[in-house]
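Working notes, structure below.
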Amino acid sequence: MTQGTEMTDSIVSKDAFVGTWKLVEVKSVDNQQKVSYPYGQNPIGYTIYTQDGYISSSIIMRNRLGLGLPIQEIFNMAYGGKAKITNLFKYLRATVRYIQAGNKYASYICKYEIRDNKLIYHIEVSLVPDFIGTDLEMAFEISEDTLVITRLYGDNKDNSVIASWQRVS
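Under numbering that gives the first Met the number 0, the first residue of the sequence shown carries the number 0, and numbering increases by one thereafter.
The structure is reproduced here in structure tokens:
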């Protein structure tokens, strides 16, 4: 595996990223070196990098609770339908479960670039509205079939989130 944007003494281009990557692991390491797994120890996720510089990524925790509503009612509510008073408790429970499910789900679409040994995402679409219009800067290691992305966070940038991916195409 290579560090940063150097791969056998040549600069990594977007071509090295292009394809579909399956999530292996996401872990968070705090400033005390305590490791946690924000999406559990066996998350599901895919990231797709395109030749024209876009990325689409989704990550979820396995075994999230269902909302407890029939699919048709979920669609009805999602697209402006009205809740039935007789089902108010079911809707309240579904709302709580929806919030819990969203807490263990990450999704975004953005342009990406490689600059100054960093992978930079220019967020255009995100589950979290506050991310839209922001840039995320990350370190990376890439080989033919493995990609590891590290993002520092916290007041002193002394915490990290590390996502490991395996190429599938």
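A virtual CB, placed ideally from N, CA and C, is assigned to each residue, including glycine.
- Starting from the C-beta of V147, find all residues in its chain whose C-beta is less than 8 Å away, skip the five residues before and the five after it, and write them out in chain order. M0, F139, E140, I141, I161, A162, S163, W164
- Output yes or no for whether 9 Å exceeds the beta carbon distance between L68 and Y90. yes
- Item | Contact set for S168: own chain, Cβ-Cβ below 7 Å, skip 5 residues either direction | G18, T19
- Tell me where the alpha helix (DSSP H) around F88 begins and ends. 87 to 102
- Other residues of its chain near F16: CB distance less than 6 Å, five sequence neighbours each side excluded: Y48
- Item | Where N75 falls: helix, strand or coil (DSSP) | helix
- Item | Three-state secondary structure assigned by DSSP to K13 | helix
- What residue from L22, R63, K33, Y36 has the CA that sits closest to I43's CA? L22
- Item | M6, DSSP secondary structure in three states | Residue placement at M6 is flagged as unreliable, the pLDDT there being 39, under the threshold of 50; a coordinate-derived value is accordingly withheld.
- Task: With a 10 Å radius around its C-beta and 16 neighbouring C-beta atoms as the bar for buried, classify S12 as buried or exposed.
- Result: exposed
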